[in-house]
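Student: Under this note's numbering, the sequence shown has 237 at position 199, and the numbering climbs by one with no breaks. Don't be surprised by glycine CBs; every beta carbon is placed ideally from N, CA and C.
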Amino acid sequence: MTVQQEQIGLEFFADANIQNPYPLYDRMRAQGPVHPIADSGFYAVCGWDSITDVLARPEDFSSNLTATMTYAPDRGVSAYELDRLGGPTHVLATADDPSHAVHRKMLVPQLAVKRIGAAEDFVAETAQRLWLDALGSDGIEWMSAMANRLPMMVVGRILGVPDHDVDMLIASGLAMTQLLDGLVDAVGLAAASAAATELHAYIGEHFESAAADPGDNLMGDLAIACATGELDDFTARVMMLTLFSAAGESTASLLGSAMWVLTSQPDIQRELRADGGLLGAFIEETLRYEAPFRGHYRHVVHDTTLSGVTLPAGSRLLLLWGAANRDPAHFDAPNEFRLDRPKSKSHLTFGKGTHFCVGAALARMEARIVLESVLAHTEWIDAVDTGRWLPSILVRRLERLRLAVT
39 MTVQQEQIGL EFFADANIQN PYPLYDRMRA QGPVHPIADS GFYAVCGWDS ITDVLARPED
99 FSSNLTATMT YAPDRGVSAY ELDRLGGPTH VLATADDPSH AVHRKMLVPQ LAVKRIGAAE
159 DFVAETAQRL WLDALGSDGI EWMSAMANRL PMMVVGRILG VPDHDVDMLI ASGLAMTQLL
219 DGLVDAVGLA AASAAATELH AYIGEHFESA AADPGDNLMG DLAIACATGE LDDFTARVMM
279 LTLFSAAGES TASLLGSAMW VLTSQPDIQR ELRADGGLLG AFIEETLRYE APFRGHYRHV
339 VHDTTLSGVT LPAGSRLLLL WGAANRDPAH FDAPNEFRLD RPKSKSHLTF GKGTHFCVGA
399 ALARMEARIV LESVLAHTEW IDAVDTGRWL PSILVRRLER LRLAVT
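1) Does DSSP put Phe-375 in a helix, in a strand, or in coil?
2) Going by DSSP in three states, Gly-174 sits in which element: helix, strand or coil?
3) Check the Cβ-Cβ distances between Ala-117 and every residue of chain C, and say whether any is below 8 Å.
4) Can you give the Cα-Cα distance for Ile-241 and Phe-272, rounded to whole angstroms?
5) Exposed or buried, what is Thr-215 when buried is set at 16 or more other beta-carbons lying within 10 Å of its beta-carbon?
6) On a CA-only basis, which of Asp-159, Val-161, Phe-160, Met-184 is nearest Asp-446? Give me that one, please.
7) When you compare the region 71 to 91 with the region 110 to 130, are there three or more beta-carbon pairs, one atom per stretch, that lie closer than 8 Å?
8) Starting from the Cα of Leu-293, find the closest Cα among Leu-325, Cys-395, Leu-130 and give me that residue.
9) Opposite His-337 in the DSSP bridges: which residues?
10) At the level of alpha carbons, what is the spacing between Glu-97 and Ser-353?
11) Counting only the same chain and skipping the five closest in sequence on each side, list residues whose C-beta sits under 6 Å from that of Leu-173.
12) Do you know whose CA, among Leu-279, Pro-59, Leu-237, lies nearest Asn-373's CA?
13) Determine, using beta carbons only, whether Asn-363 and Ala-399 come nearer to each other than 8 Å.
14) So Glu-246 packs on Ser-210, CB below 8 Å; how close in whole Å?
15) If distances are taken between C-alpha atoms only, which option among Trp-169, Ile-89, Gln-57 comes closest to Asp-365?
16) Buried or exposed for Arg-15, going by 16 or more other Cβ atoms inside 10 Å?
17) Are the beta-carbon atoms of Ala-94 and Val-408 separated by less than 8 Å?
18) In the structure shown, what three-state DSSP assignment does Arg-95 receive?
19) Please list, in chain order, all residues of the same chain as Leu-357 whose beta carbon is under 7 Å from its beta carbon, the five residues on each side excluded.
20) Below 8 Å between beta carbons: does that hold for Thr-392 and Asp-121?
21) Consult DSSP for Phe-331 and reduce its assignment to one of helix, strand or coil.
22) For Val-418, which three-state DSSP category applies?
23) Between which two residues does the alpha helix (DSSP H) containing Glu-309 stretch?
24) Whose C-beta lies closer than 8 Å to the C-beta of Ala-319 among residues of the same chain, with five residues either side of it excluded?
25) Under 8 Å Cβ to Cβ from Leu-316, same chain only, skipping five residues before and after it: list those, please.
26) In this structure, how does DSSP classify Leu-441 when only helix, strand and coil are distinguished?
27) Please state whether DSSP places Glu-179 in a helix, a strand or coil.
28) Sorted by chain position, which residues of the same chain lie with C-beta nearer than 6 Å to Leu-269's C-beta, five sequence neighbours on each side aside?
29) If you draw a straight line from the C-alpha of Glu-417 to the C-alpha of Thr-444, how long is it?
30) Let me know the secondary structure DSSP gives Met-39 once reduced to three states.
31) May I ask which residues mark the beginning and end of the alpha helix (DSSP H) holding Phe-245?
32) Take Leu-428 and list the residues in its own chain whose beta-carbon comes closer than 7 Å to its own, dropping the five residues that flank it on each side.
33) Please check the pair Ile-306 and Ala-405, which I expect to be a contact at CB under 8 Å, by giving their CB distance rounded to whole angstroms.
34) Keeping to the same chain, check which residues put their C-beta closer than 7 Å to that of Leu-386; ignore five residues upstream and five downstream.
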């Protein structure tokens, strides 16, 4: 470990590197793919090969989210402990097999191609309505009107909760991610905890109703699984809590970044308007260029090594998807946004292997329909007020994006 490596790790939390992390990622990769972050017991992993190595070694690197990093100038980096290795709160993306396989099996029927296809009409109708309702003479604030709202409405439909609760779900679901942001202060942490408590109570109320009369939705499926003993009640509730937070967050970030690219790179907007067949490539390149989640954690199960770096048992890794997606060893001109990349889906934004995101097809569908609709109903879009990226080491989402539309 070198002093220089430690300093780079601490720079990770600087606001300038939150707003634009990519120059820092380049410097980190130039020194090596694995970087200790001070003496916190956390390591940032920034190289494509090293990250894919971690994903291929679940026996060494558990997906369990046992702790996250927090940082404050007066106390440095510390661990915010969440649960023990193998604890009951680890579900879906943070669970290991065999539990992960059971959780994934619960979701697949509701996220299968047929189900997603059936949801397309709802997404299209809702996207058009939200756009028209929010569009005024001074344009539209994209994040609050569309990007943050539509994905949560879709998640609500899949789970089987009323559409009219969307405002509470948006506020609570997005606020929950602050628990893992790493840069939140005491006030923000209290607000995030309150949001999690409110959402947990909301889920509990509706889940009790679903247990009495299961509907044809994910909440109904989970209620049946609990009744048959395939799943326990606590796990089912944590799964739903996770979906409201993670599923809504990832697609909101994708929609925000997509519109940011269209408005900040006018040549891309012109190219896309001239050839609608490029929309799929545009979505994949957006996912690569600005991954909705900056990274996810892994727990080191026992003493091991990664890319020549010794990792003691109990240490934690932060796998930086955004850094891997711009690794020049894997992508030509990685800092350029290009619509002609071969193998456009060859990015790590949705993970890889058994933990490949089960909601990836849904996110892609939502983005495709929303962007098709907006491009069809406009001649040109400019950004007149681009907000900051959220102060978070977990998510990559714009706070606001006001658009002028012709």
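Tutor: On the basis of the coordinates in this document:
1) The residue you call residue 375 lines up with position 337 of the sequence shown. Coil, per DSSP.
2) Counting from one through the sequence shown, the residue named residue 174 turns up at place 136. In this structure, Gly-174 counts as strand in the three-state DSSP scheme.
3) This model lacks chain C altogether; it includes just one protein chain.
4) Here the question's residue 241 lines up with position 203 in the sequence shown. Here the question's residue 272 lines up with position 234 in the sequence shown. Rounded to whole angstroms, Ile-241 to Phe-272 spans 11 Å at the Cα level.
5) The residue labelled residue 215 in the question sits at position 177 within the sequence shown. Thr-215 comes out buried.
6) Nothing in the structure corresponds to residue 446, since the chain is present only between 39 and 444.
7) Here the region 71 to 91 lies against the region 110 to 130, with 3 or more beta-carbon pairs under 8 Å apart.
8) On the sequence shown, residue 293 is found 255 positions in, with the first residue counted as 1. Ranked by Cα distance from Leu-293, the first of Leu-325, Cys-395, Leu-130 is Leu-325.
9) The sequence position of residue 337 within the sequence shown is 299, counting from 1. Bridge partners of His-337: Ser-100, Arg-354.
10) Your numbering for residue 97 matches position 59 in the sequence shown. Your numbering for residue 353 matches position 315 in the sequence shown. About 14 Å.
11) Within the sequence shown, residue 173 is the residue found at index 135, counting from 1. Sequence-distant partners of Leu-173 (beyond 5 residues in either direction) whose C-beta falls short of 6 Å from its own C-beta are missing from its chain.
12) Along the sequence shown, read from residue 1 onward, the residue named residue 373 stands at position 335. Closest by C-alpha distance to Asn-373, out of Leu-279, Pro-59, Leu-237, is Pro-59.
13) The residue labelled residue 363 in the question sits at position 325 within the sequence shown. The residue labelled residue 399 in the question sits at position 361 within the sequence shown. Not closer than 8 Å, so no.
14) If you number the sequence shown from 1, residue 246 lands on position 208. If you number the sequence shown from 1, residue 210 lands on position 172. A Cβ-Cβ separation of about 18 Å leaves Glu-246 out of contact with Ser-210 under the 8 Å criterion.
15) Position 327 of the sequence shown holds residue 365. Nearest of Trp-169, Ile-89, Gln-57 to Asp-365, Cα basis: Ile-89.
16) Here the chain covers residues 39 to 444 and nothing more, so residue 15 does not appear.
17) Taking the first residue of the sequence shown as position 1, residue 94 is located at position 56. Taking the first residue of the sequence shown as position 1, residue 408 is located at position 370. In this structure, Val-408 does not lie closer than 8 Å to Ala-94 by Cβ.
18) If you number the sequence shown from 1, residue 95 lands on position 57. The three-state secondary structure of Arg-95, taken from DSSP, is coil.
19) The residue given as residue 357 occupies position 319 in the sequence shown. When the five nearest sequence neighbours on each side are left out, the beta carbons in the same chain lying within less than 7 Å of the beta carbon of Leu-357 are those of Val-83, Ile-89, Val-92, Gly-333, His-334, Arg-336, in order along the chain.
20) Your numbering for residue 392 matches position 354 in the sequence shown. Your numbering for residue 121 matches position 83 in the sequence shown. Between Thr-392 and Asp-121, the gap from beta carbon to beta carbon reaches 8 Å or more.
21) Taking the first residue of the sequence shown as 1, we reach residue 331 at position 293. Strand.
22) Translated into the one-based positions of the sequence shown, residue 418 becomes position 380. Reading off the sequence shown, one finds Trp at residue 418, where the question assumed Val. Three-state result, Trp-418: coil.
23) Start at 1 with the first residue of the sequence shown, and residue 309 comes out as number 271. Glu-309 -> alpha helix (DSSP H) spans 304 to 312.
24) In the sequence shown, residue 319 corresponds to position 281, counting from 1. Taken in chain order, the residues that qualify are Leu-377, Asp-378, Arg-379, Ser-382.
25) In the sequence shown, counting from the first residue as 1, residue 316 sits at position 278. Within its own chain, the residues whose Cβ lies closer than 8 Å to the Cβ of Leu-316, once the five positions on either side in sequence are excluded, are Glu-309, Leu-310, Leu-377, listed in chain order.
26) For the purposes of this step, residue 441 is taken as residue 403 along the sequence shown, with counting starting at 1. In this structure, Leu-441 counts as strand in the three-state DSSP scheme.
27) Your numbering for residue 179 matches position 141 in the sequence shown. Here Glu-179 sits in strand by DSSP.
28) The count along the sequence shown starts at 1 and reaches residue 269 at position 231. Closer than 6 Å at the Cβ level, and outside the excluded window around Leu-269, lie Ala-263.
29) Within the sequence shown, residue 417 is the residue found at index 379, counting from 1. Within the sequence shown, residue 444 is the residue found at index 406, counting from 1. The straight-line gap from Cα to Cα measures roughly 5 Å.
30) Taking the first residue of the sequence shown as 1, we reach residue 39 at position 1. Confidence at Met-39 is low in this model, with a pLDDT of 44, below 50, so its placement is unreliable and no value can be given for it.
31) For the purposes of this step, residue 245 is taken as the residue at position 207 of the sequence shown. DSSP places Phe-245 inside the alpha helix (DSSP H), whose first and last residues are 224 to 250.
32) As a first step, residue 428 must be located in the sequence shown, where it is residue number 390. Cβ contact annotation for Leu-428 (same chain, cutoff 7 Å, sequence separation greater than five): Arg-435, Glu-437, in chain order.
33) In the sequence shown, the residue the question calls residue 306 occupies position 268. In the sequence shown, the residue the question calls residue 405 occupies position 367. In this structure Ile-306 is not in contact with Ala-405, their Cβ atoms being roughly 15 Å apart against a cut-off of 8 Å.
34) Translated into the one-based positions of the sequence shown, residue 386 becomes position 348. Only Ile-89, Trp-359, Ala-362, Asn-363 meet the Cβ criterion.
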